[in-house]
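Enquirer: My questions all concern the structure below.
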Amino acid sequence: MINYRTIVHVDMDAFFTSVEVRDNASLKGKPIVVGADPIQGKGRGVVSAASYEARKFGVRSAQPVATAYKLCPEAIFLPHRFARYMEASNEIIRVLSTFSDTLLRMSIDEAVLDCSHLGEEFGTWLKLGHAIKNKVREETELSCTIGIATGRTLAKMATEIQKPDGLTLVHPGKECTFLAPLAVEAIPGVGPKAKQSLNRLGFRKIGDLQQAERSLLVQTLGKWGEKLFDLVNGRDSDSFTEHERKSFGEERTFETDLETLEKTQDALLQIAAELAAHMRQKNISGRTVTLKIRFADFHTITRSQTYPTPIRSALVLENVALQIFNRNVSRETVRTEKIRLLGIQLSHLYTAQVGEQLWLF
1235 MINYRTIVHV DMDAFFTSVE VRDNASLKGK PIVVGADPIQ GKGRGVVSAA
1285 SYEARKFGVR SAQPVATAYK LCPEAIFLPH RFARYMEASN EIIRVLSTFS
1335 DTLLRMSIDE AVLDCSHLGE EFGTWLKLGH AIKNKVREET ELSCTIGIAT
1385 GRTLAKMATE IQKPDGLTLV HPGKECTFLA PLAVEAIPGV GPKAKQSLNR
1435 LGFRKIGDLQ QAERSLLVQT LGKWGEKLFD LVNGRDSDSF TEHERKSFGE
1485 ERTFETDLET LEKTQDALLQ IAAELAAHMR QKNISGRTVT LKIRFADFHT
1535 ITRSQTYPTP IRSALVLENV ALQIFNRNVS RETVRTEKIR LLGIQLSHLY
1585 TAQVGEQLWL F
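Shown next as structure tokens:
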């Protein structure tokens, strides 16, 4: 019987393209890209999602669609259907909520839930994991990958091990064995800069960090080194609390002011894709999207929109940013006043504590 903390991380498999296949069975097994049309759009815009068949050719999210087309010209490029993806996301949340009331939607295709109370009902993590996967598939016709551990960060790391349609368990007492062979960048929040910093200290595998003295990590990395020491040694003290950081964003000042609506929209899509990629890498999501617009005369406006649950996917950020922009700036305004800077910010943030702290150093 399960008698210890049980945290389940659920990550939908190629979510946007899987929804497209569910709605159109003729797409099954084909390389699919959700994003701008590389022909009619003249190569502008970025990839929001790619099926596993397209990924085999090197197509990735946040990639320019022109690059994706060169890598896989036979791919089927489909436009965004944000409303449809959100409907499917809500279906999944309804299924997951039947297993636990303590649930946090990390993004449109990712959620984490506390199932510690289900020990008597399922008995083992293996049975619990299969029960969740089977019910998601039966109710939504979509597959998911699941990681189960005693903490959120460990569960998320477990999810990354077997994709798609995987199930990875990190049982109590086995955390160090699971972590040791993984590269340091497998830790949520360790991006390229953090990886370089750790590599310079001789830490390439998490097993290397496990051999380090706590005092060395604290001396080198400050108080975040203590959190890192605990995590790599299997002590995951994260929680379902709101993130302490207030906001996170990306903005761009253009060398040449934007003077057409098309160029402005394209720039917004790229900024949204970059922000989404960074947020996913750092394991951060949030509820409030703020758009910043600065015109050529330096007049600046900011407008926000808040969601009831945290988001961080490129598709959501793109759609919200475009909606806010179109409500506040007309084509004629862009032509006459021109745009000098655009920025997208996410606030009311949520994340696993360790992921946020590792990002800081």
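The opening residue of the sequence shown carries number 1235 in this note's numbering; numbering runs sequentially from there. Backbone N, C-alpha and C fix where the C-beta goes; we use that ideal spot for every residue, glycine too.
(1) What would DSSP say about I1395, mapped onto helix, strand or coil?
(2) Between E1460, G1483, R1528, N1517, which has its C-alpha nearest L1492's C-alpha?
(3) Going by the beta-carbon positions, is the gap between R1521 and I1505 smaller than 7 angstroms?
(4) Do you know how far the Cα of E1354 is from the Cα of L1509?
(5) Around the C-beta of P1204, are 16 or more other C-beta atoms found within 10 angstroms, so that it is buried, or is it exposed?
(6) Can you give me the C-alpha to C-alpha distance between V1387 and G1407, rounded to a whole angstrom?
(7) I believe A1283 touches F1250 by the beta-carbon criterion, under 8 angstroms. Please report the beta-carbon distance rounded to the nearest angstrom.
(8) So for T1332, helix, strand or coil by DSSP?
(9) Kindly confirm or deny that the segment 1398–1407 and the segment 1424–1436 touch, where touching means at least three C-beta pairs closer than 8 angstroms.
(10) Per DSSP, what are the beta-bridge partners of G1436 in this structure?
(11) Work out the CA separation of M1391 and A1560 for me, nearest whole Å.
(12) Quick check on DSSP: helix, strand or coil for F1559?
(13) Taking DSSP as the reference, what is the three-state secondary structure of L1580?
(14) Per DSSP, what are the beta-bridge partners of S1596 in this structure?
(15) Where do the ends of the beta strand (DSSP E) carrying G1269 lie?
(16) If you drop the 5 nearest sequence neighbours on each side, which residues of the same chain put their C-beta closer than 7 angstroms to that of K1397?
(17) Please classify H1533 as buried or exposed, where buried requires at least 16 other C-beta atoms within 10 Å of its C-beta.
(18) So the alpha helix (DSSP H) G1353 belongs to, where does it begin and stop?
(19) Could you compute how far the alpha carbon of H1314 sits from the alpha carbon of A1270?
(20) Helix, strand or coil: which one does DSSP assign to Y1541?
(21) Expressed to the nearest angstrom, what Euclidean distance is found between the alpha-carbon atoms of R1294 and Y1303?
(22) Just curious, the beta strand (DSSP E) that E1344 is in, first and last residue?
(23) Can you give me the C-alpha to C-alpha distance between V1424 and A1548, rounded to a whole angstrom?
(24) If L1450 sits next to V1418, beta carbons under 8 angstroms apart, how far is it from one beta carbon to the other, in whole angstroms?
(25) Report the rounded CA-to-CA distance for R1438 versus V1242, giving the unit in angstroms.
(26) Considering just the uninterrupted stretch of the beta strand (DSSP E) at I1241, what are its terminal residues?
(27) Leaving out five residues before and five after E1476 in sequence, what residues of the same chain have Cβ atoms less than 8 angstroms from its Cβ?
(28) From the DSSP output, in three-state form, read off V1550 for me.
(29) Are I1342 and V1550 touching if we call contact CB-CB under 7 angstroms?
(30) So, do the segment 1445–1464 and the segment 1537–1548 have three or more beta carbon pairs nearer to each other than 8 angstroms?
(31) Pick helix, strand or coil for V1370, following the three-state DSSP scheme.
(32) Run the CB neighbour count on G1577, radius 10 Å, all protein chains shown included, and call it buried at 16 or more, exposed below.
(33) Indicate the three-state DSSP secondary structure (helix, strand or coil) for F1250 in the structure shown.
(34) Where DSSP assigns a beta bridge to T1524, which residues make up the other side?
(35) Go ahead and pull the three-state DSSP assignment for V1280.
Expert: The short version:
(1) Coil, per DSSP.
(2) Nearest of E1460, G1483, R1528, N1517 to L1492, Cα basis: R1528.
(3) R1521 places its beta carbon 7 angstroms or farther from that of I1505.
(4) Spanning the two alpha carbons is a distance of roughly 42 angstroms.
(5) Here the chain covers residues 1235 to 1595 and nothing more, so residue 1204 does not appear.
(6) It should be pointed out that residue 1387 corresponds to Thr in this sequence rather than to Val. A straight-line Cα-Cα distance of about 16 angstroms links T1387 and G1407.
(7) That pair is a contact at about 4 angstroms.
(8) The three-state secondary structure of T1332, taken from DSSP, is coil.
(9) Verdict: no, contact absent.
(10) According to DSSP, G1436 bridges with nothing at all.
(11) What sits at residue 1560 in the sequence shown is Asn, not Ala. Approximately 38 angstroms between the Cα atoms of the pair.
(12) Helix, per DSSP.
(13) Residue state, collapsed to three classes: strand.
(14) The question about residue 1596 has no answer, for the chain in this structure spans 1235 to 1595.
(15) Unbroken beta strand (DSSP E) run through G1269: 1266–1269.
(16) Contacts found: D1247, T1379.
(17) The residue is exposed, with fewer than 16 neighbouring Cβ atoms inside 10 Å.
(18) Taken as a continuous stretch (DSSP letters only), the alpha helix (DSSP H) holding G1353 covers 1353–1356.
(19) Approximately 8 angstroms, taken between the alpha carbons.
(20) Correct three-state label for Y1541: strand.
(21) Between R1294 and Y1303, the C-alpha separation is close to 11 angstroms.
(22) Where E1344 is concerned, the enclosing beta strand (DSSP E) stretches over 1344–1348.
(23) Taken atom to atom, the span from the alpha-carbon of V1424 to that of A1548 is near 20 angstroms.
(24) The pair is not a contact, with the Cβ atoms about 15 angstroms apart (cut-off 8 angstroms).
(25) Cα to Cα, the separation comes out at about 27 angstroms.
(26) That run of the beta strand (DSSP E) goes 1241–1246.
(27) Note that E1476 scores a pLDDT of 43, beneath 50, so its modelled location is shaky and nothing firm can be said.
(28) Looking at V1550 - three-state DSSP - the assignment turns out to be helix.
(29) In this structure, V1550 lies closer than 7 angstroms to I1342 by Cβ.
(30) Touching, no, given that fewer than three Cβ pairs across the two stretches are closer than 8 angstroms.
(31) Looking at V1370 - three-state DSSP - the assignment turns out to be helix.
(32) Flag for G1577 reads buried.
(33) Assignment of F1250 by DSSP, reduced to helix, strand and coil, places it in the helix class.
(34) T1524 pairs with S1538, Q1579.
(35) Here V1280 sits in strand by DSSP.
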